[in-house]
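Residue numbers (UniProt numbering): 1 to 538. Positions of the beta carbon are idealized from the N, C-alpha and C atoms, including for glycine.
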């Protein structure tokens, strides 16, 4: 299961973390100033497809790390550095396999995967040959790792279970949809080009490189736009789509319809084409174009901040923690402020059943749900997030508080549920009695009031349980292994980065719980309380 969520630096001694396929400045100013053969072929292909690329952009081809984009001169906010016709994008609608895909009723990731595999099977005969030769056979996502690698490298992390579930579900997709298509398609298809290995490879490319284009095309591969590397919180260039039906861009990252893969930007427009897969240019688009001077059939890359000559130009794929980055794009970042760790509900119940009976735990959990509180949900799993600073969600504290209430107090809470004016008023009533404070139904619960000594001890127990999900190695051993790791060992490097970032958060979570317990112990010993005050919004 994958559940996503500023972190302090993990360790100043750690090697610098490259962004996806990012190239060093030394290489940038030396061998990479000369375009590789495949880059020259790609540039010729772009020109033939009407893709316009600014002369201020330089493509840097690092043999070990792939392609990145740099600035040959200063770039300024508002500069349009690329225009990409939608007909140049590889989608279900533009692919030569469109009729076959739509006849089979395939869409979404299945449909785009077939389109990509089909065009790759054509090799030099594909209209996208100049683009496809630039792509790796597959991206190094955990999705294409062996099960042995997943078990050994991701054990205990947020990704371990999610990747194994992904692999199972995608194999079933291939067996039920792709395999029958190969043998029933009207045109002759090479089965090896549509094998389960090729399907997983296509899914890895689509997961890490696809963009949402518009309502007509859906999402697909967008040449040139997918060459810009990611940097969290530092977007230099923005992928955008001009539309006559909206006044501004939808800049919020949105799902492509699959929980495992994130689109980089949304757009809602359509375009025409002279090819057989196009549709007719609408009057609204013609009117819009004549008024604004912008072409609704063209995707654009627009600078959103200044970039100095010689620097790399970054896109951003969203505010994602390392688990999500590795899952979807195959890399991690040091000092990622969006990292989180999750405490599954089943771990909380495991802790509860170590102290109480299963019947007791189920009753307290039911009471917690009756107050209309729940954790975050991913598919069939419920969990609680711990932020990068080690602070747990209020919902977890509330559940632990209810689990530890005395029976008579819990009975009062049970009775009050049907008469309370506000969800939080139920807990508020209990807190007002315990802490001798005035309760207002317009108030919300403060985490500090829930951090009793017993709750803090429960949090410490949960840290131990969550930490035990990793193997017996200590975090210091992971840090030392990362220092020794060669950058070409991408699977090992990024799995270690993920493990370390998660375990650093668990360390902060432990500190949070320990500090809370010490405060409560001090207050109890001195007969004082810092919570004797009117409840206020947290």
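Could you pull out every residue in the same chain whose Cβ sits closer than 8 Å to the Cβ of residue i, ignoring the five residues on either side in sequence?
i           : result
residue 550 : Since the displayed the chain opens at 1 and closes at 538, residue 550 lies outside it and no answer follows.
residue 213 : 86, 89, 91, 219, 220, 222, 241, 267 and 299
residue 329 : 20, 139, 141, 207, 208, 230 and 317
residue 410 : 364, 367 and 402
residue 314 : 19, 228, 229, 230, 231, 234, 235, 236 and 237
Which two residues bound the contiguous beta strand (DSSP E) that contains residue i?
i           : result
residue 214 : 210–214
residue 239 : 237–241
residue 83  : 80–85
residue 58  : 57–62
residue 119 : That residue, residue 119, is in no beta strand (DSSP E); its alpha helix (DSSP H) goes 108–121.
residue 377 : 376–378
residue 381 : 381–386
Can the beta-carbon of residue i be found less than 7 Å from the beta-carbon of residue j?
i           : j           : result
residue 229 : residue 68  : yes
residue 399 : residue 368 : yes
residue 299 : residue 378 : no
residue 494 : residue 332 : yes
residue 101 : residue 108 : no
residue 454 : residue 396 : no
residue 502 : residue 307 : no
residue 224 : residue 51  : yes
residue 237 : residue 297 : no
residue 465 : residue 347 : yes
residue 349 : residue 382 : no
residue 390 : residue 483 : no
residue 38  : residue 116 : no
residue 203 : residue 113 : yes
residue 41  : residue 130 : yes
residue 469 : residue 156 : yes
For residue i, does the count of other Cβ atoms within 10 angstroms reach 16, so buried, or fall short, so exposed?
i           : result
residue 280 : Interpretation of residue 280 is limited by its pLDDT of 28, a score under 50 that renders its predicted location unreliable; the figure taken from the coordinates is listed afterwards. Burial call: exposed.
residue 123 : exposed
residue 456 : buried
residue 290 : Bear in mind that the predicted position of residue 290 carries a pLDDT of just 40, short of 50, making it too unreliable to give a figure here.
residue 408 : exposed
residue 217 : buried
residue 327 : buried
residue 449 : buried
residue 65  : buried
residue 171 : exposed
residue 474 : exposed
List the residues that DSSP assigns as beta-bridge partners of residue i.
i           : result
residue 408 : In the DSSP output, where bridge partners are listed per residue, residue 408 has none listed.
residue 307 : 75
residue 299 : 84 and 241
residue 402 : DSSP output for residue 402 lists no bridge partner at all.
residue 312 : 70
residue 229 : 314
residue 90  : 221
residue 53  : 82
residue 392 : 386
Once the 5 residues before and after residue i are set aside, which same chain residues still bring their CB inside 6 Å of it?
i           : result
residue 104 : 181
residue 128 : 90 and 119
residue 519 : none
residue 191 : 182
residue 364 : 402 and 403
residue 412 : none
residue 179 : none
Only counting the same chain, and skipping five residues up and downstream in sequence, which positions put a Cβ closer than 7 Å to that of residue i?
i           : result
residue 137 : 201
residue 492 : 153 and 485
residue 56  : 71, 72, 73, 75 and 81
residue 461 : 351
residue 496 : 478, 481, 482 and 485
residue 106 : 114 and 177
residue 542 : With the chain covering 1 to 538 only, the question about residue 542 has no answer from this structure.
residue 511 : 390
Ends of the alpha helix (DSSP H) at residue i?
i           : result
residue 173 : 160–173
residue 46  : 37–48
residue 471 : That residue, residue 471, is in no alpha helix (DSSP H); it is neither H nor E in DSSP.
residue 342 : No alpha helix (DSSP H) holds residue 342; the beta strand (DSSP E) holding it covers 341–344.
residue 100 : 98–103
residue 156 : Per DSSP, residue 156 belongs to no alpha helix (DSSP H) and is neither H nor E.
residue 130 : 129–132
residue 361 : 358–370
residue 327 : 322–329
residue 539 : Only positions 1 to 538 of the chain appear in the structure, and residue 539 is not among them; the question remains open.
residue 144 : No alpha helix (DSSP H) holds residue 144; DSSP gives it neither H nor E.
residue 180 : 179–184
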